[in-house]
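Down below is the structure, laid out as structure tokens.
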Amino acid sequence: MKVFIKLYLFTFIIVGLSGCIGEDYDFSPPTVTLSANDVADVELKETNVDWRGEEGKQYSKETNTRNDIKIAKKQQQLVVTPETPGNLRFDNEDFLVNDISSYTISTTSNAKQDIRMNEQDRTFTFPKKKGNYIYVLELQTDRGYAQYVGNVVVK
Numbered sequence: 132m133k134v135f136i137k138l139y140l141f142t143f144i145i146v147g148l149s150g151c152i153g154e155d156y157d158f159s160p161p162t163v164t165l166s167a168n169d170v171a172d173v174e175l176k177e178t179n180v181d182w183r184g185e186e187g188k189q190y191s192k193e194t195n196t197r198n199d200i201k202i203a204k205k206q207q208q209l210v211v212t213p214e215t216p217g218n219l220r221f222d223n224e225d226f227l228v229n230d231i232s233s234y235t236i237s238t239t240s241n242a243k244q245d246i247r248m249n250e251q252d253r254t255f256t257f258p259k260k261k262g263n264y265i266y267v268l269e270l271q272t273d274r275g276y277a278q279y280v281g282n283v284v285v286k
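Heads up: take any position in the sequence shown, counting from 1, add 131, and you land on the working numbering.
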């Protein structure tokens with residue numbers, strides 16, 4: 132009977148540990164989705180990244196501001212009305228967010244406007260003024276820095 136109990140416990144422990152070992156984590160920068168009223172969403176494009184991945188592997192990507200704007204203009208447009216509520220979603224969050232900020236750049240005047248964001252639920256309000264905008268998100272985490280851009284039209 133003792134042998135049976137020992138064999139049972141041994142099997143239970145091995146099966147339990149194999150579940151922990153088999154988990155797969157994604158340590159790359161997250162995919163970020165920009166959403167308006169939780170109805171329409173677009174995926175933001177990574178532009179500038181300095182990130183430590185799995186086992187400390189460095190992942191870097193660098194573009195200049197002019198290229199950021201070109202990249203954003205090629206993205207699918209998110210069409211919203213003035214002062215529409217918006218939010219951000221990450222596909223994974225295997226990191227600690229230290230700081231998150233965003234702003235828009237008008238494609239006609241190049242005027243920059245900071246977007247006030249609630250960092251807890253990642254909600255914000257789109258600009259009041261109608262026009263075409265480049266949406267820029269800057270994410271600072273314990274794994275590094277990532278910047279994303281998107282194409283927003285306020286009609």
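No residue lacks a Cβ here, since even glycine has one placed at the ideal position from N, Cα and C.
ILE236 has LYS243, ILE265 as its beta-bridge partners, per DSSP. About 14 Å separates the beta carbons of ASN223 and ASP273, which is beyond the 8 Å limit, so they are not a contact pair.
Per DSSP, the unbroken alpha helix (DSSP H) holding THR196 starts and ends at 196-204. Between the segment 250-260 and the segment 194-207, the count of C-beta pairs closer than 8 Å stays below three; the two stretches do not touch.
In the structure shown, GLY281 adopts extended strand secondary structure according to DSSP, grouped into three states. The C-beta distance from ILE265 to ILE231 rounds to 17 Å, too long to meet the 8 Å contact threshold. As the crow flies, the alpha-carbon of ASN198 is around 12 Å from that of GLU177. Rounded to whole angstroms, the gap between the alpha carbons of SER166 and ARG220 is 8 Å. Inclusion of LYS259 and PRO213 in the CB contact set at 7 Å is warranted, their separation being smaller than that value.
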